[in-house]
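Below: one structure, written as structure tokens.
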Amino acid sequence: MVLKSRVAFLLSGALLLGWTSHAQLKAPKPDGEKTAFQIADAWAADYDVRSDVAIVYGINDAGGDFEGRVKSWRDKGYKVHFMTGIAWGEYQDYFTGKYDGKTHWEDGQVMKNGETIWHGKDVPYVVPSATYLTYMKELVKRAIDAGVTAVHLEEPEFWARAGYGPSFKKEWEKQYGFPWMAQDESPEATYLSSKLKYQLYFNALREVFAYVRSYSQSKGLTVKCYVPTHSLINYSSWAIVSPEASLANLEGMDGYIAQVWTGTSREPIHFNGVLKERVFENAFLEYGSMVSMTAPTGRKMFFLTDPIEDRRQTWDDYKRNYEATFTAQLLYPMVASYEVMPWPKRIYLGKFKMENSNETQPIPRTYATQMQVMVNSLNDMPLSSNQVNGTKGIDILLANSMMFQRFPTHKGYEDPQLSNFYGMVMPLLKQGIPVGTVHMENLGLDQTLKNTKVLIMSYANMKPISPVSHEVLAKWVKTGGVLVYVGRDQDPFQTVKEWWNTGGKSYKAPSEHLLEQLGISEASGKQSYAVGKGKVYLLRRDPKELVLQAKQDSDFISLVKNAYETDAKAGKVITKNHFLLQRGPYDIAAVLDESVGDAPLRIPGPVVDLFDPALPVLPEKIVKPGQQAYLYNLTRLKSKKEPAVLCAASRVYEEKKGKTAYSFLTKSPSNTINAMRMVLPAEPKTITLTDAGGQKLTDVQTAWHKETNTYLVQFENDSRGIRVQVNW
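In this note's numbering, the protein residues as written are 1261 to 1988.
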């Protein structure tokens, strides 16, 4: 009976892991909520960011008074959402017994040594029990009653190293029907433990979102539901289990926030025998995995960046890595909604060190100006059909089961820093190939492999969710696709009790079933196999071997190039050391180090450098390896005859345009410096700036750039607004 229950559950992987087979959905319609930020605190002039949406965090955060905090932002013209953690939060009243007279410490995520994993003081990571979900429903009810128009349940996270506490053991027996097994006992126990963690948070989100829908509808309201979540790549790297791609099957969910920022992207990775931070490359892959995971759902996606991060670093470090992650997000022109920052109070009022100094200081005014230029440009960032330059159609296959093999290790098999993933992608990315990702959970959609010419995969770091995925892959290859399989199939998870070795099947590894579907009988020493109109390559090395030591990836790169050019007949593989995208008037560029050469990228102007707080007009921008650039290209101006603010460290309202005059209201956090560059039909004769009290500003710097008809204006910001009047 125990074995039957266990196998029955294991064979339900397609349902559990979110196999997506619904029709392709249309992209979400514009809703006037393009930019947002999350904040626990009430409104203040010092961090009045002027995005479309203020996402007020936590019922009990920032001293409580949730309704007052919501009102403070709404009164300043913001749409207001609510965000709280689904796996942790300021829920001390629940755990200490103030909520229902009972303590609930048993709901903490517990490690093998018996210790609870804490997010903060009296804030454990949570096993989402039925009682806990009842508590969560009361929180979202209060938020809906306060008038929020959306609920964000962020970071559904279950640590891989957890799974030893009483609540988890109870959920195990309820789900599996046999006694709890310690996950360190065997690969099978690890796999079962991870699948349960995954399912628990899928169920939790489903239940709470269903309540949000039903309760809001009972009040005649439509309250949207979002999941802010890290990428599959990051959660796998950090050994955290989360629903990820299965959220595509979550009814009533309206969208996601891709939580990618310096803190996730600076996780060191191996390449060419060197372990170090590669922030731009990691961010590019993380944002890309979020796009490929969620695009088939047709749901809204916000991209997050953070001008600082959780760990204390220097302002110089924050700036450098903010530019890297900001550039990476903009290279995906199919997304144009953004969470521009979390925790504005921490950014504007926090104190951190400068490089080569032990003294902390507030944000440098130049960095605040630069950050505000970048943030406000996102209000105007267009969607674009353009694509980042380079060879398209080389993709890496991912699956949620990447998260299931990270901890603990078994039989001495290691995958340091997720190198079985990075081994497939970094050798190509560093050649300037904009490698994409494909999620196995989406293979049931007709569009998923539509633009893929060469698909690279391994079962060294993940396992297939159902035999149907192999049927789809075989069909794709037979109709002309090229599949590159990389792996020795020797990791201990190859033999966990799953669909490929139960129910009458006896494959030693899941790849054996895949090869059978392809009609391949593997021959010793043979690497390539013709299958229908397509081709299959078997590279019997684990992907990690390509990056853990230096100069081990050349054969792999040659194989992929040949597969693309000769077998897929997709054109020539272009190698280069940069990525470049034209997106509306913006040029977005990144030049790679450790690449095919160290030549700088030269972008002809005139361009405005948006990473420079002085907003200079450059005849040419030179971008060196390891650097990024964000430019407003003046050659793509629609007209010099119509006045307009092109870029600014503020948001512009109430524009009025006449034959000889241009006026507007501009707002940004107080105690910061504004820099804006506008295009005008002629050199101004006068400019007048007036504050909210009717007083004229006297400290105003201006500069006319005759060659481009652009006008630089710099002055002190005021969150109440500065009215600008220009005459020519």
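Ideal Cβ placement from N, Cα and C applies to all residues, glycine included.
This structure is a prediction, so every number in the text was calculated from the model and none was measured.
Close Cβ partners of residue i (< 7 Å) along its chain, the five nearest in sequence each way excluded
i	result
Phe1816	Pro1687, Leu1799, Leu1806
Pro1413	Just to set this straight, residue 1413 is Leu in the shown sequence, not Pro. Closer than 7 Å at the Cβ level, and outside the excluded window around Leu1413, lie Thr1344, Ile1346, Leu1465, Val1468, Val1487.
His1379	Trp1348, Tyr1385
Gly1779	Val1791
Leu1285	Interpretation of Leu1285 is limited by its pLDDT of 39, a score under 50 that renders its predicted location unreliable; the figure taken from the coordinates is listed afterwards. Thr1557, Gly1558, listed in sequence order.
Ser1332	Ala1302, Trp1303
Arg1666	Ala1420, Ser1496, Ala1499
Leu1775	Glu1782
Lys1397	Val1468, Tyr1471
Gly1484	Correcting the residue type first, residue 1484 is Lys in the shown sequence and not Gly. Counting only Cβ-Cβ distances below 7 Å, and skipping sequence neighbours, we find Thr1409, Ala1410, Asp1514.
Nearest residue (CA-CA) to residue i, options the options
i	options	result
Asn1373	Gly1558, Glu1350, Arg1421, Gly1361	Arg1421
Val2005	Arg1862, Phe1871, Ile1834, Pro1864	No statement about residue 2005 is possible, as the shown extent of the chain runs from 1261 to 1988 and does not include it.
Pro1556	Ala1942, Val1984, Leu1705, Leu1715	Leu1705
Lys1804	Gln1677, Val1905, Pro1860	Gln1677
Met1561	Leu1643, Phe1612, Thr1826	Leu1643
His1530	Val1387, Ser1679, Lys1397	Ser1679
Gly1515	Thr1762, Phe1563, Leu1452, Ser1930	Phe1563
Ser1923	Ile1947, Ser1476, Ser1446	Ile1947
Ser1497	Ala1908, Phe1664, His1699, Thr1391	Phe1664
Ser1453	Phe1462, Asn1463, Met1441, Tyr1461	Met1441
Gln1519	Val1867, His1490, Gly1696, Leu1545	His1490
Asp1306	Asn1931, Gly1954, Leu1972	Asn1931
Leu1878	Glu1967, Val1960, Leu1819	Glu1967
Val1534	Ser1718, Thr1826, Gln1809	Gln1809
Beta-carbon contacts of residue i that lie in its chain and below 8 Å, excluding the five residues immediately before and after
i	result
Pro1624	Trp1575, Met1614
Thr1920	Asn1987, Trp1988
Leu1263	Its pLDDT being 33, under 50, Leu1263 is placed unreliably in this model, and the coordinates cannot settle the point.
Gln1872	It is worth fixing the name first, because residue 1872 is Asp in this sequence and not Gln. For Asp1872, where only same-chain residues beyond five positions count, the Cβ hits under 8 Å are Gln1630.
Residue i Cβ short of 8 Å to the ligand HEM heavy atom set
i	result
Ser1979	This structure simply doesn't include the ligand HEM, nor any ligand for that matter.
Residue i - DSSP class collapsed to helix/strand/coil
i	result
Met1641	coil
Met1938	strand
Lys1560	strand
Thr1489	strand
Arg1862	strand
Gly1523	helix
Pro1770	helix
Thr1958	coil
Leu1897	coil
Ile1568	coil
Gly1794	strand
Val1258	There is no way to answer for residue 1258, as the model of the chain reaches only from 1261 to 1988.
Ile1824	A small correction: the amino acid at residue 1824 is Tyr; Ile does not occupy that position in the sequence shown. Helix, per DSSP.
Tyr1608	helix
Ser1923	strand
Pro1593	coil
Trp1575	helix
Ile1817	helix
Beta-bridge pairing of residue i - partner residues as DSSP gives them
i	result
Gln1842	Asp1847
Asp1869	Leu1891
Pro1384	Trp1378
His1530	Leu1535
Met1601	Phe1297
Leu1507	In DSSP, Leu1507 forms no bridge with anything.
Thr1948	Gln1985
Tyr1971	Met1938, Trp1964
Tyr1913	Leu1925
Ala1322	DSSP, once it has assigned bridges, lists no residue as partnering Ala1322.
Glu1976	Ile1933
Cutoff 6 Å; reference residue i; Cβ partners in own chain excluding five residues on either side
i	result
Leu1709	Trp1736
Arg1911	Arg1310, Asn1636, Lys1927
Asp1301	Ala1322, Lys1605
Tyr1357	First, the amino acid is wrong: residue 1357 is Gly here, not Tyr. Same-chain partners within the cutoff: Thr1363.
Asp1813	Pro1687, Leu1806
Asn1246	This structure cannot speak to residue 1246, because the chain is shown only from 1261 to 1988.
Pro1447	His1670, Pro1752, Phe1753, Val1756
Tyr1582	Pro1567
Leu1703	Ser1729, Val1732
Ala1628	Thr1932
Chain B within 9 Å of residue i, Cβ atoms only
i	result
Glu1350	The displayed structure is made up of one protein chain only, and chain B is not part of it.
Write down every uninterrupted run of the beta strand (DSSP E) in the stretch 1341-1378 whose length is 3 residues or greater and which is fully enclosed by it, in chain order. Listed in chain order, nothing qualifies, since the stretch 1341-1378 has no complete beta strand (DSSP E) run of 3 or more residues.
With a floor of 4 residues, list each alpha helix (DSSP H) that falls wholly inside the stretch 1628-1696, ordered by position along the chain. 1679-1689
Where in the stretch 1424-1456 do unbroken runs of the alpha helix (DSSP H), each at least 4 residues long, occur, reported from the N-terminal end onward? 1426-1436
Runs of 4 residues minimum, wholly inside the stretch 1693-1741: which ones carry the alpha helix (DSSP H) assignment? Contiguous alpha helix (DSSP H) elements confined to the stretch 1693-1741 occur at 1727-1738, taking only those with 4 or more residues.
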